[in-house]
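Let me begin by presenting the structure, written as structure tokens, before commenting on it.
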Ligand SMILES: Nc1ncnc2c1ncn2[C@@H]1O[C@H](COP(=O)(O)OP(=O)(O)OP(=O)(O)O)[C@@H](O)[C@H]1O
Ligand SMILES: Nc1ncnc2c1ncn2[C@@H]1O[C@H](COP(=O)(O)OP(=O)(O)OP(=O)(O)O)[C@@H](O)[C@H]1O
Ligand SMILES: [Mg+2]
Ligand SMILES: [Mg+2]
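Protein chains in written order, with the numbering used here: chain A, 0 to 227; chain B, 0 to 227.
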């Protein structure tokens, strides 16, 4: 479902160029569960933003369901993202002065196909699955760090996307809450949803079936998970 | 150095009251290294904000170096915080459109006693210690999550505070970078600086000498670290 060929991403800052990705090749089949690991600054979020159609590569190709995504115009690009991808940001990116419930309902207003008949109910269900049924009306500033993270997770799931991209989804969660969240992901994966998740925690990577290791903008290792 | 007696913190939202802290008692001596653990939403950040003089309790007392802090007025309250405490926020709270270097120099402009003669050099040194000497001019949006976290850490250290309060300082860091950051903390603690750090990772808690466990706004356990 995902095919990346020789992807690069260079950030220009005046005369300086930061080579965040230096030629990444990656194929992910439908229904896979992949963990991406690597040092701070190695390019993981940059890769996730490209996969999530939030950014375009400097060079190389990205095929999503056979469509050459890096060549799409603004509208088509955004539509692909809204219809097929659920994205959980490393820094959550929730709307301030907007309740947890409204934050989670937001993707449903972009859903032109109107698949989800009752957005309110879908949002309540998504928030309940991550343990926040008693925090629906709280705004981000009235939530703990781990609660904000879980609102971001619920928001990514509510549209029932085909692909979930999760950037450090358990970074602010205690072990027990992490296990609850990972079993939600495992459940979705059992239903055929493709999951790619960035983590720095080896215990979390064990939930995946394949680990891809990034270093300095390149994939250094790509192998099945052993010891599950 | 820190004495908390029966501290409570209630957040009012319309008719609803959230009892984030329900009567916390805690004494921390100068030079201690304490880890605070507990489930998401158990009250850790709320306690840290009270300790850091960023918030006031609903009831109870907080003595910092023998001074009854909860009764200080706005100015005295802020001065105590700026002079004695270095705070690392769970969500970093860096200034956007401001370079890493300028973000780290910020506390030095509040330092009325002018202890630090060369703020620029102190900031460069703090950023170098967390591995960011090649990212001084980058703004937060041009930094990875773990790099932003490290800028927040450098900012808390630059004023050479007597007490460091770190809320999940390694939440976005890979194991190797975490070890580098924890050895910076260990180093500071060896010099007599008091460290209180919130973490959900047992490996990180092992760097401390005492673990305090919060659950539903109360301290459930307070014991020395074994198995170091
Ligand atoms: N401003 C606020 N208004 C209402 N409720 C709040 C507010 N701030 C925090 N809370 C609630 O208080 C409780 C404790 O929050 P706190 O941020 O201290 O938790 P925490 O232990 O740091 O959690 P985490 O590990 O997820 O960061 C949470 O249930 C949260 O929803
Ligand atoms: N807009 C930008 N301009 C300049 N450099 C950038 C920009 N965004 C990211 N970078 C740099 O690109 C590199 C890769 O960043 P990225 O966010 O992908 O890292 P990461 O692997 O997600 O790190 P972490 O584990 O810390 O989140 C970093 O060194 C970062 O400083
Ligand atoms: Mg990242
Ligand atoms: Mg917290």
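From the three backbone atoms N, C-alpha and C, an ideal C-beta is built for every residue, glycine too.
Original post:
Who does residue 91 of chain A pair with in a DSSP beta bridge?
Top reply: The residue you call residue 91 of chain A lines up with position 92 of the first chain. Paired residues: none, contrary to the question.
Subject >> residue 59 of chain A versus residue 69 of chain A: straight-line alpha-carbon distance, rounded >> reply: Locating residue 59 of chain A in the first chain gives position 60, counting from the first residue. Locating residue 69 of chain A in the first chain gives position 70, counting from the first residue. Near 8 Å, if we compare the C-alpha coordinates of residue 69 of chain A and residue 59 of chain A.
Subject >> Secondary structure, beta strand (DSSP E): runs of 3+ residues fully inside the stretch 96-171 of chain A >> reply: 162-166
Original post:
In chain order, which beta strand (DSSP E) runs of at least 3 residues are fully inside the stretch 35-91 of chain A?
Top reply: 58-63, 84-87
Original post:
Closest by CA to residue 56 of chain B, which one among B:188, B:8, B:74?
Top reply: Translated into positions along the second chain, residue 56 of chain B becomes position 57. Comparing Cα positions, the closest option is B:8.
Original post:
Hey, would you say the C-beta of residue 148 of chain A is under 7 Å away from at least one heavy atom of ligand 3?
Top reply: Position 149 of the first chain, counted from the first residue, corresponds to residue 148 of chain A. No, the Cβ of residue 148 of chain A stays beyond 7 Å of every heavy atom of ligand 3.
**OP:** Determine the extent of the alpha helix (DSSP H) in which residue 187 of chain B is found, giving its start and end residues.
**Re:** Translated into the one-based positions of the second chain, residue 187 of chain B becomes position 188. It spans 174-189 - the alpha helix (DSSP H) in which residue 187 of chain B sits, taken as one unbroken run.
Original post:
Are the Cβ atoms of residue 171 of chain B and residue 148 of chain B separated by less than 8 Å?
Top reply: Mapped onto the second chain, residue 171 of chain B falls at position 172. Mapped onto the second chain, residue 148 of chain B falls at position 149. Contact: yes.
Original post:
By the criterion of Cβ-Cβ separation under 9 Å, what are the contact partners of residue 18 of chain A in chain B?
Top reply: Numbered from 1 along the first chain, position 19 holds the residue referred to as residue 18 of chain A. Residue 18 of chain A does not reach chain B, its nearest Cβ partner there being about 13 Å away, counting only Cβ pairs nearer than 9 Å.
Subject >> Coarse secondary structure for residue 16 of chain B, derived from DSSP in three states >> reply: Translated into positions along the second chain, residue 16 of chain B becomes position 17. DSSP places residue 16 of chain B in strand when its eight states are reduced to three.
Original post:
Can you tell me whether residue 72 of chain B is buried or exposed, with buried defined as 16 or more other CB within 10 angstroms of its CB?
Top reply: Start at 1 with the first residue of the second chain, and residue 72 of chain B comes out as number 73. With fewer than 16 Cβ atoms within 10 Å of its Cβ, residue 72 of chain B is classed as exposed.
Original post:
Given a limit of 8 Å on CB to CB distance, which residues of the stretch 64-89 of chain B reach chain A?
Top reply: Under the 8 Å Cβ criterion, the stretch 64-89 of chain B contributes 89.
**OP:** Could you tell me whether any non-hydrogen atom of ligand 3 is closer than 7 Å to the CB of residue 144 of chain B?
**Re:** Stepping through the second chain from its first residue, residue 144 of chain B is reached at position 145. The answer is yes for residue 144 of chain B.
Subject >> Opening and closing residue of the beta strand (DSSP E) in which residue 195 of chain B lies >> reply: The count along the second chain starts at 1 and reaches residue 195 of chain B at position 196. Residue 195 of chain B -> beta strand (DSSP E) spans 193-197.
Original post:
Name the chain A residues whose beta carbon is nearer than 7 Å to that of residue 185 of chain B?
Top reply: Working through the second chain from its first residue, we reach residue 185 of chain B at position 186. Chain A residues near residue 185 of chain B: none, gap ~19 Å exceeds 7 Å.
**OP:** Taking only the alpha-carbon atoms, compute the straight-line gap between residue 103 of chain B and residue 66 of chain A and give it to the nearest angstrom.
**Re:** Position 104 of the second chain, counted from the start, is the residue given in the question as residue 103 of chain B. Position 67 of the first chain, counted from the start, is the residue given in the question as residue 66 of chain A. If I take the Cα positions, the gap works out to 44 Å.
Original post:
What do you reckon, are the CB atoms on residue 179 of chain A and residue 130 of chain A nearer than 8 Å?
Top reply: Working through the first chain from its first residue, we reach residue 179 of chain A at position 180. Working through the first chain from its first residue, we reach residue 130 of chain A at position 131. Cβ atoms of residue 179 of chain A and residue 130 of chain A: closer than 8 Å.
**OP:** Return helix, strand or coil for residue 215 of chain A, following the three-state DSSP convention.
**Re:** Position 216 of the first chain, counting from 1, holds the residue named residue 215 of chain A. Reduced to three states, the DSSP call for residue 215 of chain A is coil.
Original post:
Just checking my contact of residue 165 of chain B with residue 192 of chain B at CB under 8 Å: how many whole Å lie between their CB atoms?
Top reply: What you label residue 165 of chain B is simply residue 166 of the second chain in a count that begins at 1. What you label residue 192 of chain B is simply residue 193 of the second chain in a count that begins at 1. Incorrect: roughly 11 Å between the Cβ atoms, too far for contact.
Original post:
Near residue 2 of chain A, which residues of its chain fall below 7 Å by C-beta distance, leaving aside the five closest residues on each side in sequence?
Top reply: What you label residue 2 of chain A is simply residue 3 of the first chain in a count that begins at 1. The residues are 26, 62.
Subject >> Euclidean distance between Cα positions of residue 33 of chain B and residue 6 of chain A >> reply: As a position in the second chain, residue 33 of chain B is number 34, starting the count at 1. As a position in the first chain, residue 6 of chain A is number 7, starting the count at 1. Their backbone Cα atoms lie some 45 Å apart in a straight line.
Original post:
At a CB-CB cut-off below 8 Å, which residues of chain A make contact with residue 44 of chain B?
Top reply: Counting from one through the second chain, the residue named residue 44 of chain B turns up at place 45. Simply 143, 144.
Subject >> Pairwise C-alpha distance: residue 90 of chain B and residue 94 of chain A >> reply: For the purposes of this step, residue 94 of chain A is taken as residue 95 along the first chain, with counting starting at 1. For the purposes of this step, residue 90 of chain B is taken as residue 91 along the second chain, with counting starting at 1. The alpha-carbon atoms of residue 94 of chain A and residue 90 of chain B are separated by roughly 15 Å.
Original post:
Where residue 110 of chain B and residue 208 of chain B are concerned, what is the direct C-alpha to C-alpha distance, given to the nearest angstrom?
Top reply: Your numbering for residue 110 of chain B matches position 111 in the second chain. Your numbering for residue 208 of chain B matches position 209 in the second chain. Spanning the two alpha carbons is a distance of roughly 31 Å.
Original post:
Any residues in the stretch 149-175 of chain A with a beta carbon nearer than 8 Å to a beta carbon of chain B? Which ones, in chain order?
Top reply: The residues in question are 149, 166, 167, 170, 171, 172, 173, 174, 175.
Original post:
Going by the CB atoms, is the gap between residue 85 of chain A and residue 155 of chain A shorter than 8 Å?
Top reply: Within the first chain, the letter at position 156 stands for residue 155 of chain A. Within the first chain, the letter at position 86 stands for residue 85 of chain A. Contact flag set, yes.
Original post:
Around the Cβ of residue 98 of chain B, are there at least 16 other Cβ atoms within 10 angstroms (buried) or fewer (exposed)?
Top reply: For this step, residue 98 of chain B is matched to residue 99 along the second chain. The residue in question, residue 98 of chain B, is buried, as its Cβ has 16 or more Cβ neighbours within 10 Å.
Original post:
Is any heavy atom in ligand 2 found nearer than 7 Å to the beta carbon of residue 102 of chain B?
Top reply: As a first step, residue 102 of chain B must be located in the second chain, where it is residue number 103. False, no ligand heavy atom lies under 7 Å from that Cβ.
Subject >> Amino acids of chain A, ordered along the chain, whose beta-carbon sits closer than 9 Å to that of residue 37 of chain B >> reply: Within the second chain, numbered from 1, the residue matching residue 37 of chain B stands at position 38. Near residue 37 of chain B (Cβ distances below 9 Å), the residues of chain A are 173.
**OP:** With hydrogens ignored, establish whether the beta-carbon of residue 43 of chain B is closer than 7 Å to any heavy atom of ligand 6.
**Re:** Looking for ligand 6 in the displayed structure turns up nothing; the ligands present are ligand 1, ligand 2, ligand 3 and ligand 4.
Original post:
Using DSSP with H/G/I as helix, E/B as strand and the rest coil, what is residue 202 of chain B?
Top reply: Residue numbering aside, residue 202 of chain B sits at position 203 when the second chain is read from its first letter. Residue 202 of chain B falls in the helix class under three-state DSSP.
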